[in-house]
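In this note's numbering, the protein residues as written are 38 to 150. Just so you know, even glycine gets a beta-carbon here, dropped at the ideal spot from N, CA and C. Note that the structure is predicted; figures quoted are calculated from it, not measured.
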């Protein structure tokens, strides 16, 4: 399995954007990303502020490589992940380590300070 995380958030008030904004708020894309990572699903992530905050929370971890800015990057990463089981495993393992920073214990410690 491979997941793609994109926020799909529009500009409030822009024509046709109200439903898109509602979906973004309702389905909590940052939480979805942490959920994918926490179970080891290799995830291709769009370079967006909220996602990058999640991926860079722990500076001691290696940089998460599957970050894209356009459809060409998405296509490249999909091809790489779908044809390379070792890369899928490595990305899944790194995702689990990143998601550990969002465990209930770690979140409580971070907010207690």
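The beta carbons of residue 98 and residue 82 sit about 14 Å from each other, so the pair does not count as a contact at 8 Å.
Closest in alpha carbon position to residue 42, among 96, 105, 94, 76, is 105. Nearest to residue 74 by C-alpha distance, out of 86, 138, 121, 112, is 138. Between residue 128 and residue 103, the gap from beta carbon to beta carbon is short of 8 Å. Ranking 76, 147, 66 by CA distance to the CA of residue 132 puts 76 first.
Nearest in C-alpha terms to residue 117, of all of 130, 79, 44, is 79. By the neighbour-count criterion, in which 16 or more other beta carbons inside 10 Å mark a residue as buried, residue 148 falls on the exposed side. Contact check for residue 39 against residue 136 fails: the beta carbons are separated by 8 Å or more.
DSSP places residue 76 outside both helix and strand once states are collapsed to three, so it counts as coil.
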